[in-house]
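Residue numbers (numbering that gives the first Met the number 0): 0 to 129.
Shown next, in structure tokens, is the structure this report addresses.
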Amino acid sequence: MKYMIQMNVPAAEWDAIMSSYSKEDMQAMFAHMGALNDDLTAAGEWVDGQGLGGPSLVKTVRAGSDGRPQVTDGPAQAGHILAGYWVVDVKSEDRALEIAARASACPGPGGRPGSDPVEVHPIPEDPTQA
């Protein structure tokens, strides 16, 4: 079963959160996420994943009445922004939850586990059953 595991952060706090990481903190975060990605790949569970940029890089698009893109800068809604995601193909929901917990334990500023909320979304094999 495939799952999308996603990390979200408060959009309004993105800059403050990112600036609170020292160079060493960032290296620890990247090492943690790199090890997670390597383990998923070695286990044959990795499908895709990326860390994403902050709210200043987001574009929101809606179709205009003529079908052309109407583009605005920033997220579509205030609140949280998707900071990164994994798509995994695992044997059970429990395994997806284990992966999410490991992502949540990523070290934050000062090396303390962030315990950030991580969402787990099943990806139905038959989209008509969503």
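We put the CB at the ideal spot given by N, CA and C, even for glycine.
Please read all numbers here as calculations on a predicted model, not as lab measurements.
Residue i versus residue j: straight-line alpha-carbon distance, rounded
i, j, result
"A77", "A11", "8 Å"
"P106", "G73", "27 Å"
"G109", "G43", "32 Å"
"M17", "V57", "16 Å"
"Y20", "N7", "17 Å"
"W45", "L39", "5 Å"
Nearest-angstrom Cβ-Cβ length linking residue i and residue j, presumed shorter than 8 Å
i, j, result
"A102", "V87", "Actually they do not touch by this definition, with Cβ atoms about 11 Å apart."
"L35", "L81", "Rounded, the Cβ-Cβ distance is 17 Å, inconsistent with contact."
Endpoints, beta strand (DSSP E) assigned at residue i
i, result
"L81", "79-88"
"Q49", "45-50"
"A61", "The identity of residue 61 in the sequence shown is Arg, whereas the question assumes Ala. 58-62 is the span of the beta strand (DSSP E), which, as asked, contains R61."
"D72", "68-72"
"M6", "1-9"
Residues near residue i in its chain [Cβ-Cβ closer than 7 Å; skip 5 each side]
i, result
"D93", "none"
Strand pairing of residue i, partner residues [DSSP]
i, result
"V16", "First, the amino acid is wrong: residue 16 is Ile here, not Val. For I16, which the question treats as bridged, DSSP gives no partner whatsoever."
"E124", "In the DSSP output, where bridge partners are listed per residue, E124 has none listed."
Boundaries (first-last residue) of the alpha helix (DSSP H) holding residue i
i, result
"Q26", "22-41"
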